[in-house]
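Participant: Dropping the structure in here first, questions after.
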Amino acid sequence: MNPTLWPRLLPPPQRYAALGEPYLVPVATTPLPEVRLVHANVALAAELGFDPALLETPAFVSLMAGNAGWPGYPTVSSAYAGHQFGVYVPRLGDGRAHFIAELAAENGQRWELQLKGSGRTPWSRFGDGRAVLRASIREYLACEAMHALGVPTTRALALVASPEPVQRETLETAAVVCRAAPSFVRFGHFEYFYYLDQHARLAPLADHVITAHFPQFADRADRYSAWLGEVIERTARLMAAWQSLGFVHGVMNTDNFSILGLTLDYGPYGFMDAFDARRVFNHTDETGHYAYDRQPFIGHWNCARLLQATLPLLADDAERAVEIATALLDRYAGAFNAEMLRRWRAKLGLRQARAEDSELINRFLDLLHRSRADFPRAFRWLSEVRSADETAPRLRDWIADPAAFDAWLADYRVRLRAEHSDDEARAAAMNAVNPKYVLRNHLAQRAIERAQGGDFSEVARLFELLRRPYDEQPGMEAYAEPPAPDAVPVELSCSS
Ligand code: AMP
Ligand code: MG
142 MNPTLWPRLL
152 PPPQRYAALG
162 EPYLVPVATT
172 PLPEVRLVHA
182 NVALAAELGF
192 DPALLETPAF
202 VSLMAGNAGW
212 PGYPTVSSAY
222 AGHQFGVYVP
232 RLGDGRAHFI
242 AELAAENGQR
252 WELQLKGSGR
262 TPWSRFGDGR
272 AVLRASIREY
282 LACEAMHALG
292 VPTTRALALV
302 ASPEPVQRET
312 LETAAVVCRA
322 APSFVRFGHF
332 EYFYYLDQHA
342 RLAPLADHVI
352 TAHFPQFADR
362 ADRYSAWLGE
372 VIERTARLMA
382 AWQSLGFVHG
392 VMNTDNFSIL
402 GLTLDYGPYG
412 FMDAFDARRV
422 FNHTDETGHY
432 AYDRQPFIGH
442 WNCARLLQAT
452 LPLLADDAER
462 AVEIATALLD
472 RYAGAFNAEM
482 LRRWRAKLGL
492 RQARAEDSEL
502 INRFLDLLHR
512 SRADFPRAFR
522 WLSEVRSADE
532 TAPRLRDWIA
542 DPAAFDAWLA
552 DYRVRLRAEH
562 SDDEARAAAM
572 NAVNPKYVLR
582 NHLAQRAIER
592 AQGGDFSEVA
602 RLFELLRRPY
612 DEQPGMEAYA
622 EPPAPDAVPV
632 ELSCSS
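Here the sequence shown stands for residues 142 to 637, where the numbers follow the numbering used here.
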């Protein structure tokens, strides 16, 4: 590697890896045969400091596959635990992920690069340490689609594929996603040490997170509560962002919750087409534990688990610690409600805040739910309503109860006129927050099927499309359509 062409590694003492054992252990990646680059994220690579010419080189592909290491950075995997579907699992950890570098970008931003699917680790249990191409494409595209939607998320730098067979429900092939984020620390990293009764291990981890990612709190006497309060609020705002996009994460275990409030670990997720408040994409989630309408509650529950695990940091006196934690948890509802209302108002094109808005929003969502109306398109088409002209917008044809819709529409128009809403300005503002293009499951599925046949062009096309989700993108309208009514729904499970 020519060091001038590659991004700069963070100096060793500043690295997450400097925490060492038992937080992280050195573990080598397991090479894959005949690796091919499926896609590289040129824009992110440039932001991280990669010379663009490197992305086509065998050295880059080897690095992204885990077939070669980054000179000066021994690969590591981390220990974590987590509550899965409400049940505590004491030992999870990076069972198929390796950190391959920690970078200092030109703008001073820290980035960790992590391969997913790069081989077994001490946390693999019965797993093979691999990820399949299908799930890797879904994660790769979702990271960047979410980012383009303006939602905090881990990013994706590159995707490589190998013909290596991998057994899931059927025999599939292996792939590796290189993810990038300032940090991959999860709520479950703290739970791991708390439930092992190794409470003295919490502070070094928290101190690293604060120094590296919340430096604004580093010098405060109440640094732990200041930091946790911020995590609670970020998590609340993230849940509001998911709700506003009709995004269902699918596996909201505490080991999949980021200490930075990022969307993390894309598995059986989905962006809703037909709006159903009870929607579940993960067909193994039979009770709807992580259904769309439970996400805000689960976010709160997970914050409670994080606060439980960090009680020893909050005060020496146990009762006092619980008091502080309770006050911190109370910040969730305020942060969620404010952000949720702000987002729904923006989606409806309301500039002012009025007391009757919640009811207006809920009635609209209820109409969409009862009609199973296409979620992205309903909001996009709502922008066509004129405040003074009574012509029925085309959205009306998609609503199962036209009389109720007409009544709602009359109230909506009154509300718009009350704030002297300008039709054109409102439509532009609404289209800047209501995406035309989202990663619908049937679109991802088509890209997956082509890629499984060796053609990666549809992955690239979706990648480009989803970078500009709010733009009209003439010629791409078919990608804004809901799936055909007779289409067989894509079955999703945790298997990845
Ligand atoms: P996930 O469902 O991807 O969030 O993973 C949950 C836990 O299972 C984590 O500890 C993963 O590292 C581990 N895991 C999932 N799939 C595999 C695999 N194929 N091999 C090893 N560990 C895995
Ligand atoms: Mg996970």
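By construction, the Cβ of each residue, glycine as well, lies at the ideal position given by its N, Cα and C atoms. Computed from a predicted structure; not experimentally measured.
1) Report the rounded CA-to-CA distance for Pro153 versus Ala159, giving the unit in angstroms.
2) Are there any heavy atoms of ligand 2 lying less than 7 Å away from the beta-carbon of Asp406, as far as the coordinates show?
3) On a Cα-Cα basis, can you pick out the residue from Pro610, Tyr336, Leu178 and Gly258 that is closest to Leu448?
4) Quick test of the definition: if touching needs 3 or more C-beta pairs under 8 Å, does the stretch 291 to 304 touch the stretch 313 to 323?
5) Within 10 angstroms of its Cβ, does Arg518 collect 16 or more other Cβ (buried), or is it exposed?
6) Name the residue from Leu506, Pro174 and Gly190 whose alpha carbon lies nearest to the alpha carbon of Arg149.
7) Tell me whether the beta-carbon of Phe412 lies closer than 8 Å to the beta-carbon of Leu298.
8) At a cut-off of 7 Å, is Asp538 close to ligand 3 when judged by its beta-carbon and the heavy atoms of the ligand?
9) Relative to ligand 2, is the shortest distance from any of its heavy atoms to the C-beta of Asp426 smaller than 7 Å?
10) Are the CB atoms of Leu508 and Ser528 within a distance shorter than 8 Å?
11) Can you tell me the Cα-Cα spacing of Thr295 and Leu403, whole angstroms?
12) Give me the Cα-Cα distance between Ile639 and Phe604, rounded to the nearest whole angstrom.
13) If you run the structure through DSSP and keep just helix, strand and coil, what is Ala272?
14) Consult DSSP for Tyr336 and reduce its assignment to one of helix, strand or coil.
15) Within the chosen definition, does the stretch 203 to 213 reach the stretch 248 to 265 through at least 3 CB pairs nearer than 8 Å?
16) Buried or exposed: where does Arg535 fall if 16 or more other Cβ atoms within 10 Å of its Cβ makes it buried?
17) What do you reckon, is the C-beta of Val392 under 7 Å from a heavy atom of ligand 1?
18) Is Leu489 helix, strand or coil when you go by DSSP?
19) Between Asp434 and ligand 2, is there a pair consisting of the residue's CB and a ligand heavy atom that are separated by less than 7 Å?
20) Is it the case that the CB of Asp396 approaches a heavy atom of ligand 2 more closely than 7 Å?
21) Report yes if the C-beta distance between Gln436 and Met481 is below 8 Å; otherwise report no.
22) Which class does His354 belong to by DSSP, given the choice of helix, strand or coil?
23) Among the residues of its own chain, which have a CB less than 7 Å from the CB of Asn208, if the five just before and after it don't count?
24) Who are the Cβ neighbours of Pro263 in its own chain at under 8 Å, not counting the five residues just before and after it?
25) Who does Cys319 pair with in a DSSP beta bridge?
26) Less than 7 Å between C-beta atoms, sequence neighbours within five positions excluded: which residues of the same chain meet that for Phe546?
27) Given that a residue counts as buried once 16 or more other Cβ atoms are within 10 Å of its Cβ, and exposed if not, what is His424?
28) Taking three-plus beta-carbon pairs below 8 Å as touching, is the stretch 325 to 339 in contact with the stretch 226 to 233?
29) For Leu405, which of Leu607, Arg156, Phe388 and Ala415 has the nearest alpha-carbon?
30) In chain order, which alpha helix (DSSP H) runs of at least 4 residues are fully inside the stretch 487 to 569?
31) What are the residues that DSSP puts in a beta bridge with Phe240?
32) How is the beta strand (DSSP E) around Ala184 delimited, first residue to last?
33) Assign Thr376 to buried or exposed, taking buried as 16 or more other Cβ atoms, counted over all protein chains shown, within 10 Å of its Cβ.
34) CB of Leu607 to nearest heavy atom of ligand 1: below 7 Å?
35) May I ask whether a heavy atom of ligand 1 can be found less than 7 Å away from the beta carbon of Ala315?
36) Nearest CA to the CA of Pro623: which residue from Ala559, Asp564, Phe516 and Asp596?
Facilitator: Looking at the coordinates:
1) Straight through space, the alpha carbons of Ala159 and Pro153 are spaced by roughly 7 Å.
2) Correct: Asp406 has its Cβ closer than 7 Å to ligand 2.
3) Closest by alpha carbon: Tyr336.
4) The stretch 291 to 304 makes contact with the stretch 313 to 323; the number of CB pairs closer than 8 Å reaches 3 or more.
5) Counting Cβ neighbours within 10 Å, Arg518 comes out buried, since at least 16 surround it.
6) Closest in alpha carbon position to Arg149, among Leu506, Pro174 and Gly190, is Gly190.
7) Contact: no.
8) In terms of ligand content, the structure shown lacks ligand 3 and carries ligand 1 and ligand 2 instead.
9) Because no heavy atom of ligand 2 lies under 7 Å away, the Cβ of Asp426 does not count as near it: no.
10) In terms of Cβ geometry, Ser528 and Leu508 do not form a close pair [threshold 8 Å].
11) Taken atom to atom, the span from the alpha-carbon of Thr295 to that of Leu403 is near 6 Å.
12) Since the first residue of the chain shown is 142 and the last is 637, residue 639 is not available in this structure.
13) Note: Ala272 maps to strand in three-state DSSP.
14) Look at Tyr336 here: in three-state DSSP terms it is helix.
15) Yes, the stretch 203 to 213 touches the stretch 248 to 265.
16) That one is exposed.
17) Flag set: Cβ of Val392 near ligand 1.
18) Helix, per DSSP.
19) For Asp434, the distance from the CB to the nearest heavy atom of ligand 2 is not below 7 Å.
20) Answer for Asp396: yes, Cβ within range of ligand 2.
21) Their beta carbons are not under 8 Å apart, which means Gln436 does not touch Met481 by this criterion.
22) When DSSP states are grouped into helix, strand and coil, His354 belongs to the helix group.
23) Taken in chain order, the residues that qualify are Pro172, Leu173 and Val176.
24) These residues qualify, in order along the chain: Val166, Val168, Ser218 and Gly234.
25) According to DSSP, which records beta bridges pairwise, Cys319 is partnered with Leu256 and Ala299.
26) So the qualifying residues of the chain are Leu508, Arg537 and Ile540.
27) His424 comes out exposed.
28) Yes, since at least three Cβ pairs between the stretch 325 to 339 and the stretch 226 to 233 fall closer than 8 Å, the two stretches touch.
29) Checked all of Leu607, Arg156, Phe388 and Ala415; the closest Cα to Leu405 is Phe388.
30) Runs found: 498 to 512, 516 to 523 and 543 to 559.
31) Looking at the DSSP assignment, Phe240 forms a beta bridge with Val217 and Gln255.
32) First-last for Ala184: Val183 to Leu189, but that is the alpha helix (DSSP H), not the beta strand (DSSP E).
33) Classification for Thr376: buried.
34) A distance criterion of 7 Å places the beta-carbon of Leu607 beyond contact range of ligand 1, judged by its closest non-hydrogen atom.
35) Not under cutoff, so the answer is no.
36) Comparing C-alpha distances from Pro623 to each of Ala559, Asp564, Phe516 and Asp596 shows the shortest one belongs to Phe516.
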